[in-house]
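Contents: one structure, followed by commentary.
Protein chains in written order, with the numbering used here: chain A, 408 to 710; chain B, 899 to 1238.
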């Protein structure tokens, strides 16, 4: 748990206690507990159907839980909560025939306090598109508008449900920059994603969900250090001129290349050189959240 | 609360006004129907004679009267002499026969009605009994005069039900309602803004079409325009509320379309849009009263054709108001922001 400069644990801004959500024939969320600290970016990861969106929607107050509760600043969620949080859903349609500016104004009017439309459009780099029909925005522009709508009340807590799904790499990176700006404003961010790189770059802490339960929780680097002590060596198949048996090391087939996972890089490299394997195109990479994810959930991430 | 209501109202109005296809259709359709009907019916009324019979307790079929056997004449029983006379005056009925006293039968015709004249000649040829002749006069009500409120009302009905119903179901299906639910906006604020927006648009369009058609067709308008406006507003509000009720929980446009058709088609035929239900079985007339369109058209025709005022049409106004309260209450109570 993060510590306050005084050495006391930071108070949780959101707490999830014994949360359960059952649908006919399936338990989507199976008694989970966690807390989100004020000012942190908390990532909820998991394969499709793991229960991330259900969990987040219960936290947002959109879906009622079967049992358990969510507390905001130590209190049960009430009307104040709606005024103080911002939400970006996975997919949201907007009202047809409205411009970006009109859409922002509409949502701004729902709240007692909030940001000025000009400030908001600057923050989310929407200045150029303010008078454009919201339906005519590109994917990245649209996600920035949805983010602006989530920020329209200058929320204390921002929920982002897979905000970069479907964006091209450049738009995704732009979006990450925006989230970093928001983090710099000391806002609490709760992010679900299935891009491990995104979680690694943005999140202070993550929880990995599968089958409705949390199977790992902590800062990304801590989780990686806890689960992995090795690195991955990748060699293109064309260069790998020996059999694994001759090498005496376990080798994984990874498509165009082979992968060797080891904590003893020196030893493996010596062995490869002895067998005259070309190391010209050798790549060494550290373990990623994706490796951890696959190790823990045992399945591929699916978009 | 007012701020949120006004913001949703404004946004919805902008959406509708910018949706040129929907706007054009809402104006063009009723105008086209009215012009079409005028072209068809301005040549004369249907070639069928209608005779109202004051027959007391004896069924018409049991009355021994040769005139009543005349073919191509629709004889139907009435009880209210004053009302029946007024219908003769407006050419809604071609002749009124009073057979309650067999020895001293009477009849009424409109002096300006060609059909009344023909029926009078037939009656004279069919019987030896001496009838007392009475005449009434009044401006003839053509079918087009009677039809105008029906067509305008029908257009309002479709616009109220489909306009509100489809929009809300579409908003729910594509997740816009869910997004609104994530804000402090309340169901009541959202719903009342939708009702108000539709009401404003429908009333503006209906008034424009009314004025335009009147200039073109010169249909009959006996009563007060203000009373008619009140009838139209109450009628539209009740039908918009019905649309909201239908759309309160539905998650797919196909299902909503089915339900809206289920609500509109019986009204199309049973609310007296195209033809009067007079003379049809009593149970049909009683059933038709549960439809808001029936009540609205009933009141509108009383104002337009008979010149009646609020003191005469209050039962219809009360019925429309009550329907609105019930539909809106149920719709708000059962409102769902998102599909499960």
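C-beta atoms are modelled at their ideal positions from N, C-alpha and C, and glycine is treated no differently.
In whole angstroms, give me the CA-to-CA distance for residue 617/A and residue 459/A. The alpha-carbon atoms of residue 617/A and residue 459/A are separated by roughly 9 Å.
Give me the residue from 589/A, 426/A, 420/A with the minimum Cα distance to residue 437/A. By alpha-carbon distance to residue 437/A, the top candidate from 589/A, 426/A, 420/A is 426/A.
For a cutoff of 8 Å on Cβ pairs, would you count residue 1200/B as touching chain A? no
For residue 666/A, which beta-bridge partners are listed by DSSP? 641/A, 659/A.
Is residue 1053/B close to chain A, meaning its C-beta is less than 8 Å from at least one C-beta of that chain? no
Going by DSSP in three states, residue 968/B sits in which element: helix, strand or coil? Annotated three-state conformation of residue 968/B is coil, per DSSP.
Just the Cα atoms here: how many angstroms apart are residue 1227/B and residue 1192/B? Straight-line Cα distance between these residues: approximately 21 Å.
CB contact check: residue 500/A to chain D, cutoff 8 Å: In the structure shown, chain D does not exist; the protein chains are A and B.
For my contact list, residue 488/A and residue 568/A are in at a C-beta cut-off of 8 Å; report their separation, rounded to the angstrom. Not confirmed; about 17 Å, so no contact.
With DSSP collapsed to three states, give me the class of residue 555/A. helix
So for residue 566/A, helix, strand or coil by DSSP? Correct three-state label for residue 566/A: strand.
Could one say the Cβ of residue 524/A lies closer than 8 Å to chain B's Cβ atoms, at least one of them? no
Could you check what DSSP says for residue 945/B in three-state terms: helix, strand or coil? Low local confidence applies: a pLDDT of 45 at residue 945/B is under 50, so the model's placement there is unreliable, with the coordinate-based value given in what follows. Three-state DSSP puts residue 945/B in coil, outside helix and strand.
Is it buried or exposed for residue 672/A, if we count other Cβ within 10 angstroms and need 16 for buried? exposed
Alpha helix (DSSP H) segments (min. 4 residues) lying fully within the stretch 478-541 of chain A: 486-491, 507-515, 524-530
Below 7 Å between beta carbons is the criterion; list the residues of the stretch 436-470 of chain A that meet it against any residue of chain B, in chain order. 467, 469
Can you tell me whether residue 1223/B is buried or exposed? The criterion is at least 16 other CB atoms within 10 Å of its CB, across all chains shown. exposed
Report yes if the CB atom of residue 917/B is closer than 8 Å to the CB atom of residue 566/A, and no otherwise. At the C-beta level, residue 917/B and residue 566/A stay beyond 8 Å of one another.
Taking just the CA atoms, how far does residue 1176/B sit from residue 972/B? Using only the alpha carbons, I get a separation of about 12 Å.
Check the Cβ-Cβ distances between residue 880/B and every residue of chain A, and say whether any is below 8 Å. Any property of residue 880/B remains undetermined from this structure, which presents chain B solely from 899 to 1238.
How should residue 1159/B be labelled, buried or exposed, when 16 other C-beta atoms within 10 angstroms of its C-beta is the threshold for buried? exposed
Following the continuous beta strand (DSSP E) through residue 402/A, name the residue where it begins and the one where it ends. The structure shown does not extend to residue 402/A, since chain A is modelled only from 408 through 710, so no value can be given for it.
Tell me the rounded alpha-carbon separation between residue 677/A and residue 657/A. 15 Å
How would you list, in chain order, the residues of chain A whose beta-carbon sits under 8 Å from the beta-carbon of residue 1074/B? 499, 500, 501, 502
Comparing C-alpha positions only, which one of 1004/B, 1150/B, 997/B, 1008/B sits nearest to residue 990/B? 1008/B
Give me the chain A residues within the contact set of residue 913/B, using Cβ-Cβ distance strictly less than 7 Å, ordered along the chain. 502, 503, 504, 505
Step through the CB atoms of chain B and report whether any lies within less than 8 Å of the CB of residue 582/A. no
For residue 613/A and residue 452/A, what's the separation of their Cα atoms in angstroms? 7 Å
Endpoints, beta strand (DSSP E) assigned at residue 1212/B: First-last for residue 1212/B: 1208-1231, but that is the alpha helix (DSSP H), not the beta strand (DSSP E).
Reference residue 869/B; option with closest CA among 1041/B, 998/B, 1218/B, 1123/B: Coverage of chain B is limited to positions 899 through 1238, which leaves residue 869/B absent and any answer about it impossible.
Limits of the beta strand (DSSP E) - the one that residue 1009/B falls within: No beta strand (DSSP E) contains residue 1009/B, which DSSP labels as neither H nor E.
Please report the straight-line C-alpha distance between residue 516/A and residue 665/A, rounded to a whole angstrom. Using only the alpha carbons, I get a separation of about 57 Å.
Let me see if you follow: with CB-CB separation under 8 Å, is residue 1083/B close to chain A or not? Yes, because at least one Cβ of chain A sits closer than 8 Å to the Cβ of residue 1083/B.
With DSSP as the reference, label residue 688/A as helix, strand or coil. If DSSP states are grouped into helix, strand and coil, residue 688/A belongs with coil.
Any chain A beta carbon closer than 8 Å to residue 1154/B: no
From the DSSP output, in three-state form, read off residue 708/A for me. In this predicted model, residue 708/A has a pLDDT of only 46, less than 50, meaning its place in the structure is not dependable; the value taken from the coordinates is given anyway. Correct three-state label for residue 708/A: coil.
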